[in-house]
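Those letters in the sequence shown? Residues 46 to 269, by this note's numbering. We treat Cβ as the ideally placed atom computed from N, Cα and C, and that holds for glycine. Read the structure below first, then the notes.
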Amino acid sequence: MNFLAIDISLDNFNLLIGNKKSIIFSKTAKINKDRSQILFDTLNYIQNEKIFEYNKLGIISSTIGPGNFNGIRISISTIKAFKLVYKKLSISGVSSLDALIRSKSKSDLNTCVAIKSSPGYLYTQCYDKFFKPLNNVEVLCLENEIKLPISKNSFRLIGNGSEDLAEKLDCKVTRHNNNIITIEGLYESINNMINNSNYIDPTPLYLRNTNIVKPAKWKKAPIV
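Here it is in C-alpha cells:
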C-alpha cells in the first residue's frame with residue numbers, strides 16, 4: 046500500500062511518499078514563517094512533474110502533535126481535503142513524539158521526549174528501547190515535582206526541553222537537544238502504524254495548560 050505522510054508539527058518540514066518496501070519521494074526543509082506555502086508548493090510539484098499519482102495512495106497521514114498548533118492544523122486540514130477528493134483514501138494521525146524518537150539513533154536505554162510548550166511547561170512522554178510508550182503524553186510544569194515512569198539513573202532525553210528537564214531532575218544523562226523529525230523517522234513511524242494497524246484519529250493532540258481557548262470549528266471544515 047502506498048502512503049503519503051506530512052509533518053510540519055515541530056522544527057522542520059517533511060513530506061514523503063512510500064510503501065512498505067521503500068521511500069518513493071521525500072522532501073525535508075527548514076520551516077519559514079509560512080508553513081502552508083512549502084506544503085502546497087511540494088504537493089503541486091509532485092503533481093505537475095508527474096512524480097506520483099495521488100489516486101494510487103492507500104492512506105495519507107499527518108503528525109498530530111504535540112507541537113506547533115498552526116502547523117498541525119494545516120497538515121490535518123490538508124489530509125482531510127485529500128479525503129474529500131479521493132473517497133477511498135484512508136486518513137490517519139501519527140504522534141509527533143513517536144516520529145521524533147525514531148529520528149534518533151537506537152539505544153538500549155529508555156527515552157524521555159521533552160519539548161517546550163508555553164513558558165515553564167514541557168510536553169513529555171517516555172518510551173522503552175523498543176519505542177513502546179510507557180505513559181501518555183503529559184504537560185509538566187517545571188515548578189512542580191516531576192516523577193517519570195523510568196529510572197533517573199539510566200535513560201536519555203530527546204527534544205528542545207531536554208536541558209530544562211535534566212536540570213529539574215538534577216540528573217546527568219545523554220541529551221539530544223533538538224526537535225528535528227527526519228524523513229527516516231517519519232517513515233519508520235508510519236510503517237509501524239500500518240504494520241500494527243495502530244491507526245490514530247487525525248485530531249490535534251491538544252493539551253491545555255494556559256488560558257488559550259481551544260479552537261472548535263476548524264477541524265469540522267477542512268481547508269481545501
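Item                                                                                                                                                                                                  : Value
Looking at the unbroken alpha helix (DSSP H) that takes in SER234, where does it start and where does it end?                                                                                         : 228-240
What residues match up with LEU215 in a beta bridge as DSSP calls it?                                                                                                                                 : One detail in the question is off: residue 215 reads as Asp in this sequence, not Leu. DSSP lists no partner for ASP215.
Give the single residue among LEU202, ASP209 and GLY63 whose Cα lies nearest to the Cα of LEU187.                                                                                                     : ASP209
For SER148, which residues in the same chain have their Cβ closer than 6 angstroms to its Cβ, ignoring the five residues on either side in sequence?                                                  : ILE226, THR227 and GLY230
For PRO267 and ILE121, I'd like the C-alpha separation in whole angstroms.                                                                                                                            : Low local confidence applies: a pLDDT of 45 at PRO267 is under 50, so the model's placement there is unreliable, and no value is given.
How is TYR99 classed by DSSP in three states: helix, strand or coil?                                                                                                                                  : helix
What beta strand (DSSP E) runs, 3 residues minimum, are completely inside the segment 166-198?                                                                                                        : 166-172 and 183-186
If we ignore side chains and look at the alpha-carbon of each, how far apart do THR87 and GLU190 end up?                                                                                              : 44 angstroms
Please go through the same chain and pick out, in chain order, the residues whose beta-carbon is closer than 6 angstroms to the beta-carbon of ASN256, but skip the five residues on each side of it. : Note that ASN256 scores 42 on pLDDT, short of 50, meaning its location in the model is unreliable and no value can be drawn from it.
Please go through the segment 95-163 and give each complete alpha helix (DSSP H) segment of 4 or more residues, from N-terminal end onward.                                                           : 114-130 and 141-146
Which residues share a DSSP beta bridge with ASN59?                                                                                                                                                   : ASP52 and THR73
Using a 10 Å radius around the Cβ and a threshold of 16 neighbouring Cβ atoms, would you call ILE68 buried or exposed?                                                                                : exposed
Would you report the Cα separation of ILE83 and LEU49, rounded to the nearest angstrom?                                                                                                               : 16 angstroms
Leaving out the 5 sequence neighbours to the left and right, which residues in its chain are closer than 6 angstroms to ASP143 when beta-carbon positions are compared?                               : SER234
DSSP beta-bridge partners for ILE203?                                                                                                                                                                 : VAL158 and HIS221
Does the separation of the CB atoms of SER152 and LYS174 fall below 8 angstroms?                                                                                                                      : yes
Which whole-angstrom value describes the C-beta separation of ILE109 and VAL158, a residue pair presumed to lie in contact below a C-beta threshold of 8 angstroms?                                   : Actually they are not in contact, since the Cβ atoms of ILE109 and VAL158 sit about 15 angstroms apart, beyond 8 angstroms.
To the nearest angstrom, how far is it from the Cα of VAL269 to the Cα of SER81?                                                                                                                      : Residue placement at VAL269 cannot be trusted, given a pLDDT of 40 that sits under 50; the coordinates are not used to answer.
Is it right to say ALA211 is buried, meaning 16 or more other beta carbons lie within 10 angstroms of its own, or is it exposed?                                                                      : buried
Would you give the residue range spanned by the alpha helix (DSSP H) that ASN93 belongs to?                                                                                                           : 80-93
Alpha carbons only, please: which of ILE117, TYR172 and TYR90 is nearest the one belonging to LEU202?                                                                                                 : TYR172
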